[in-house]
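Remarks on the structure that follows.
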Amino acid sequence: AQSVTQLGSHVSVSEGALVLLRCNYSSSVPPYLFWYVQYPNQGLQLLLKYTSAATLVKGINGFEAEFKKSETSFHLTKPSAHMSDAAEYFCAVLSGGYQKVTFGTGTKLQVIP
Amino acid sequence: DTEVTQTPKHLVMGMTNKKSLKCEQHMGHRAMYWYKQKAKKPPELMFVYSYEKLSINESVPSRFSPECPNSSLLNLHLHALQPEDSALYLCASSQDTRTSFYNSPLHFGNGTRLTVT
Chain A
38 AQSVTQLGSH VSVSEGALVL LRCNYSSSVP PYLFWYVQYP NQGLQLLLKY TSAATLVKGI
98 NGFEAEFKKS ETSFHLTKPS AHMSDAAEYF CAVLSGGYQK VTFGTGTKLQ VIP
Chain B
2 DTEVTQTPKH LVMGMTNKKS LKCEQHMGHR AMYWYKQKAK KPPELMFVYS YEKLSINESV
62 PSRFSPECPN SSLLNLHLHA LQPEDSALYL CASSQDTRTS FYNSPLHFGN GTRLTVT
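Top to bottom, those sequences are chains A and B. Per the working numbering, numbering through the first sequence is continuous, rising by one, with the last residue being 150. Per the working numbering, numbering through the second sequence is continuous, rising by one, with the last residue being 118.
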């Protein structure tokens, strides 16, 4: 089954600094990848998805991710962090059928004023 | 505001109790899901219903019993739970074809935080 690995369980950035959250996938065929965000005491919200149409994917709230096959990566970036970006971010992949979404272990983003 | 509504928001139950979690969506989605999320962990898939039929059961213990009475509702019946079952239970819904799922993946509710004493 396909899986994703998120490097760094905690990331701290200063407000206004670049956000980079790392995700690597394990797949020999092009995977379907997602980034979700979870704010405290809430469910998960889709930030963006990769479905092989374009390697650079733009999502909500100014986030984007680039699919790099050579590096088996799908890192999430945002040019300038905002306090409201503090949350848990999950990379996810379809595994074993289109209804089975498997989540990475998550990265908690802290934004320092 | 989330389009998937879960009730109750919080639930405390004893190990001998029977309780139910409820989930409702009005987006016309025909696939509904239960996920379990332990503290500081990612969500883990429990069950998937497609067109009101159970399509995926991830070897969940029988003390968890899902039910999908119609296309908008999903229940999770709980009986004889253990303290280790304490977690956030998330409901989600999606379109039910591969292409439409890619266009609009999982939509989550805000969850029910369950504590088993």
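Glycine included, C-beta positions come from ideal geometry on N, C-alpha and C.
- A distance below 6 Å between beta-carbons, with the five flanking residues on each side excluded, links A:S51 to the following residues of its chain, in chain order: I149.
- Under the three-pair Cβ rule at 8 Å, the segment 107–123 of chain A does not count as touching the segment 35–42 of chain B.
- From the beta-carbon of A:V138, the residues of chain B found nearer than 8 Å are L46, P106, L107.
- Within the same chain, N61 come within 6 Å of A:T42 by CB-CB distance, once the 5 residues on both sides are set aside.
- Note: A:H119 is not bridge-paired with any residue in the DSSP secondary-structure output.
- At a cut-off of 8 Å between beta-carbon atoms, A:G143 makes contact with chain B.
- Contact with chain A is absent for B:L77, since none of that chain's Cβ atoms lies less than 8 Å from the residue's Cβ.
- If you look at B:N104, you'll find it in the alpha helix (DSSP H) that goes 99–104.
- What A:Y135 touches in chain B, judged by beta-carbon distance under 7 Å, is R99, F102, going in chain order.
- Chain-ordered, the chain A residues with CB closer than 7 Å to the CB of B:G110 read G80.
- With respect to chain B, the C-beta atom of A:L84 has no partner C-beta closer than 8 Å.
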